[in-house]
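Colleague: This is the structure, below, for whatever I ask next.
Numbering (this note's numbering), first residue to last: 35 to 180.
Structure, rendered in structure tokens:
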């Protein structure tokens, strides 16, 4: 066999091995119901904060433990435990994407991504008190941007 054939075969084997290893680490978007059937697998769950339920974060006791309840896109509510500090402006997020795995009675999140409301659009934004305010005009230095 020629040297070039051997090099090409080795290169093809490396490419196939890379593709296989990348797809085995690939995590999927699920809801809490399907995540419960895939315990131990890394998954993404998209949803919203369950505002009526309790959030627990005590930085004096444990600064790397934050728990809250989230409602996924299908309406399933689940307790979430995040092994990290509570993200800033967490209550204001419009949407939450969790990366982690389902445990027996809660979702253990390794990462939290938040979609926060834009301050540059005409939209209803949630104030800290939980009330809603209509944003109609944005003004900067006397200029109005509609």
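Glycine included, C-beta positions come from ideal geometry on N, C-alpha and C.
Note that this is a predicted model, so its numbers are computed, not measured.
Beta carbon of residue 72, beta carbon of residue 64: below 8 Å?
Modeller: yes
Colleague: Beta carbon of residue 114, beta carbon of residue 91: below 8 Å?
Modeller: no
Colleague: Which residues mark the beginning and the end of the beta strand (DSSP E) in which residue 84 is found?
Modeller: No beta strand (DSSP E) contains residue 84, which DSSP labels as neither H nor E.
Colleague: Classify residue 138: buried if its beta carbon has 16 or more other beta carbons within 10 angstroms, exposed otherwise.
Modeller: exposed
Colleague: Taking the alpha carbon of residue 62 as the reference point, which residue from 78, 40, 70 and 100 has its own alpha carbon closest?
Modeller: 78
Colleague: Using DSSP bridges, identify the partner residues of residue 77.
Modeller: 62 and 134
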